[in-house]
Ligand SMILES: Nc1nc2c(ncn2[C@@H]2O[C@H](COP(=O)(O)OP(=O)(O)O)[C@@H](O)[C@H]2O)c(=O)[nH]1
Ligand SMILES: [Mg+2]
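In our numbering, the protein residues as written are 1196 to 1472.
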């Protein structure tokens, strides 16, 4: 957890653990380990004090993901002016989840569209400039809004990273990811027709969702790409479908598929697959 003094780092951790807001929390709360079914997460609070700088550097270098908070216009500017460059100068290249904290203070309600837009405008230049920022979300420890999601998104940034898959600037799949998906398409196309028919699409669904979807659903997907129910999905439509998943933040689906075909997080084939005993 990083961010300027007073943006609410310690409060956010406390809100997450205690499910309640405590005003005037201690300056720094101790490291906290949360064990889930699949991942164990250690949340480390830090201080932006110049005295604690060495400690901050050490913790940041050990991190798998950085949760970076801001809470007003000034601290938002500091994200671009100080924090991102600080992380880069340490050679840290892990995903960053940016959090617009204390959302209770600058929005009337969570469904207030103009407020949402304001936040997007505020951070858009940051998302453009710093690719390592995966996304920006709003939350409030005081009102307990979005607290769990913030930590979930951090975990997901590590277990299902979006950066190897999707180029935000170009709004398209990264070349390496695309070539993996092209290979997967080739392997899925068992009948070598150049398109994925119903049976092959069922295999695709099973591999990417763990279950087969009803036939109507397949036809819906086909219709989206202008394919008749009797036809199949060609490579162009297949890649377009994957791109849509990426754009909608459903990169978990893409990862499930890639992993089913033995790809590692760096998009190489696993050694155990390449060199079986
Ligand atoms: N309105 C509002 N105030 C908050 C929220 N979270 C923290 N604060 C207040 O912000 C101040 C700084 O919080 P703290 O957690 O100590 O910040 P830190 O220095 O980043 O650890 C405290 O007075 C908190 O009560 C929030 O979600 N909404
Ligand atoms: Mg603190």
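Built from N, CA and C at the ideal position, the CB exists for glycine as well.
Please name the residue, chosen from 1332, 1407 and 1425, that lies closest to residue 1414 on a Cα-to-Cα basis.
As a first step, residue 1414 must be located in the chain shown, where it is residue number 219. Among 1332, 1407 and 1425, the Cα nearest to that of residue 1414 is on 1425.
Taking the beta carbon of residue 1199 as the centre, do at least 16 other beta carbons fall within 10 Å, making it buried, or is it exposed?
Taking the first residue of the chain shown as position 1, residue 1199 is located at position 4. Burial call: buried.
What does residue 1361 pair with, by DSSP beta-bridge criteria?
As a working note, residue 1361 is residue 166 in the chain shown. In the DSSP output, where bridge partners are listed per residue, residue 1361 has 1368.
What number of angstroms, rounded off, separates the C-alpha of residue 1412 from the C-alpha of residue 1430?
Reading the chain shown from its first residue, position 217 is the one you call residue 1412. Reading the chain shown from its first residue, position 235 is the one you call residue 1430. Answer to the nearest angstrom: the Cα atoms are 19 Å apart.
Give the C-beta separation of residue 1391 and residue 1421 to the nearest angstrom, bearing in mind that I take them to be a contact with Cβ-Cβ under 8 Å.
In the chain shown, counting from the first residue as 1, residue 1391 sits at position 196. In the chain shown, counting from the first residue as 1, residue 1421 sits at position 226. That belief does not hold up - the Cβ atoms of residue 1391 and residue 1421 are roughly 15 Å apart, past 8 Å.
Beta strand (DSSP E) segments (min. 3 residues) lying fully within the segment 1207-1241
1227-1230 and 1235-1238
Tell me whether residue 1272 is buried or exposed, calling it buried when 16 or more other Cβ atoms sit within 10 Å of its Cβ.
The residue you call residue 1272 lines up with position 77 of the chain shown. Burial call: exposed.
Within its chain, find whatever has a CB closer than 7 Å to the CB of residue 1328; leave out the 5 residues flanking it on each side and keep chain order.
Taking the chain shown and counting its residues from 1, the one referred to as residue 1328 is at position 133. Here the set comprises 1291, 1293, 1321 and 1322.
Use the C-beta contact count for residue 1237: other C-beta atoms within 10 angstroms, 16 or more gives buried, fewer gives exposed.
As a position in the chain shown, residue 1237 is number 42, starting the count at 1. With fewer than 16 Cβ atoms within 10 Å of its Cβ, residue 1237 is classed as exposed.
According to the Cβ coordinates, are residue 1374 and residue 1451 closer than 8 Å?
Along the chain shown, one-based indexing puts residue 1374 at 179. Along the chain shown, one-based indexing puts residue 1451 at 256. No, these two residues do not count as a Cβ contact at 8 Å.
Limits of the beta strand (DSSP E) - the one that residue 1329 falls within
Here residue 1329 refers to the residue found at position 134 when the chain shown is read from its first residue. It spans 1328-1333 - the beta strand (DSSP E) in which residue 1329 sits, taken as one unbroken run.
Residue 1292 in three-state terms, based on DSSP
Start at 1 with the first residue of the chain shown, and residue 1292 comes out as number 97. Residue 1292: strand per DSSP, three-state reduction.
Please find out if some non-hydrogen atom of ligand 1 comes closer than 7 Å to the beta-carbon of residue 1247.
Mapped onto the chain shown, residue 1247 falls at position 52. Because no heavy atom of ligand 1 lies under 7 Å away, the Cβ of residue 1247 does not count as near it: no.
By the three-class DSSP mapping on this structure, what secondary structure does residue 1448 have?
Taking the chain shown and counting its residues from 1, the one referred to as residue 1448 is at position 253. Here residue 1448 sits in helix by DSSP.
Is it buried or exposed for residue 1231, if we count other Cβ within 10 angstroms and need 16 for buried?
Position 36 of the chain shown, counted from the start, is the residue given in the question as residue 1231. By the neighbour-count rule (16 or more Cβ atoms within 10 Å), residue 1231 is not buried but exposed.
Opposing strand residues paired with residue 1388 [DSSP bridges]:
In the chain shown, counting from the first residue as 1, residue 1388 sits at position 193. Paired residue(s): none; residue 1388 is not in a bridge.
Three CB pairs or more closer than 8 Å across the segment 1369-1383 and the segment 1329-1343
no
Rounded C-alpha distance that separates residue 1196 from residue 1240:
Counting from one through the chain shown, the residue named residue 1196 turns up at place 1. Counting from one through the chain shown, the residue named residue 1240 turns up at place 45. Rounded to whole angstroms, residue 1196 to residue 1240 spans 5 Å at the Cα level.
Note down the Cα distance separating residue 1289 from residue 1267, rounded to an integer number of angstroms.
To locate residue 1289, count along the chain shown from 1; it is residue 94. To locate residue 1267, count along the chain shown from 1; it is residue 72. The straight-line gap from Cα to Cα measures roughly 24 Å.
Contact under 8 Å by Cβ, residue 1269 with residue 1296:
As a first step, residue 1269 must be located in the chain shown, where it is residue number 74. As a first step, residue 1296 must be located in the chain shown, where it is residue number 101. Result no, Cβ atoms of residue 1269 and residue 1296 do not sit closer than 8 Å.
Is the beta carbon of residue 1399 sitting closer than 8 Å to the one on residue 1382?
The residue labelled residue 1399 in the question sits at position 204 within the chain shown. The residue labelled residue 1382 in the question sits at position 187 within the chain shown. No, Cβ-Cβ distance for residue 1399 and residue 1382 is not below 8 Å.
Bounding residues of the alpha helix (DSSP H) (the contiguous stretch that carries residue 1301)
Position 106 of the chain shown, counted from the first residue, corresponds to residue 1301. Unbroken run through residue 1301: none, as it is neither H nor E.
So residue 1261 is in the beta strand (DSSP E); what residue range does that whole segment cover?
Your numbering for residue 1261 matches position 66 in the chain shown. Start and end: 1261-1265.
Note down the Cα distance separating residue 1358 from residue 1439, rounded to an integer number of angstroms.
If you number the chain shown from 1, residue 1358 lands on position 163. If you number the chain shown from 1, residue 1439 lands on position 244. So the alpha carbons of these two residues sit roughly 15 Å apart.
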